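Asks: One structure, pasted below without further comment.
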Amino acid sequence: PTTVSYISNATPIPADKNEIAMCTAMAGEMLGMKLIYMDAGSGAKRPITETMIEKVARNIEIPLIIGGGITEPEKAYRNCKAGADVIVVGNAIEKDPSLIKEISNAVHSVPVSA
1300 PTTVSYISNA TPIPADKNEI AMCTAMAGEM LGMKLIYMDA GSGAKRPITE
1350 TMIEKVARNI EIPLIIGGGI TEPEKAYRNC KAGADVIVVG NAIEKDPSLI
1400 KEISNAVHSV PVSA
């Protein structure tokens, strides 16, 4: 289990169930949530896919935050390009603090229209 599923006692949405993720995010928005935070868990071996991020981002108006398994600048770039408004990176930066600058550069290179 991931840290998220252990602490929250929740069953994660399967990585291939984009429609369920989208509907869950839309329901959260309709219930008044101010943001959607999708987290694969600390050090996730299977991070949230760009396809799932894109599906959710296209169907909500509130900020979308993505975390878990973002270990390299390219993954951060792809997540933002897919529609993440914010990314959360923890373990990778703890292991290699120099990644902060590389990930920051990658995120800031995403075209605004993406």
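Its first residue numbered 1300, the sequence shown is counted upward by one per residue in this note's numbering.
Virtual Cβ for every residue (Gly too), placed ideally from N, Cα, C.
Remember, it's a predicted structure, so these values are computed and weren't measured experimentally.
In this structure, what does DSSP give as the bridge partners for V1388?
Replies: Translated into positions along the sequence shown, residue 1388 becomes position 89. Answer is none; V1388 lacks a bridge partner.
Asks: Looking only at its chain, what residues have a beta carbon closer than 6 Å to the beta carbon of I1312, apart from the 5 residues adjacent to it on each side?
Replies: Position 13 of the sequence shown holds residue 1312. For I1312, where only same-chain residues beyond five positions count, the Cβ hits under 6 Å are I1319 and A1320.
Asks: Between G1331, L1334 and A1339, which lies nearest to I1306 when the distance is taken from Cα to Cα?
Replies: As a first step, residue 1306 must be located in the sequence shown, where it is residue number 7. Residue A1339 is the option with its Cα nearest to I1306.
Asks: Reducing DSSP to helix, strand and coil, say where M1337 ends up.
Replies: Taking the first residue of the sequence shown as 1, we reach residue 1337 at position 38. In this structure, M1337 counts as strand in the three-state DSSP scheme.
Asks: Under the rule that 16 or more other beta-carbon atoms within 10 Å means buried, what is N1378, buried or exposed?
Replies: For this step, residue 1378 is matched to residue 79 along the sequence shown. By the 10 Å Cβ count, N1378 comes out buried.
Asks: Spell out a yes or no on whether the stretch 1342–1361 and the stretch 1394–1409 are touching, meaning 3 or more CB-CB pairs, one atom from each, closer than 8 Å.
Replies: Too few Cβ pairs lie closer than 8 Å, so no.
Asks: Quick check on L1398: does DSSP put it in helix, strand or coil?
Replies: The residue given as residue 1398 occupies position 99 in the sequence shown. Three-state DSSP puts L1398 in a helix.
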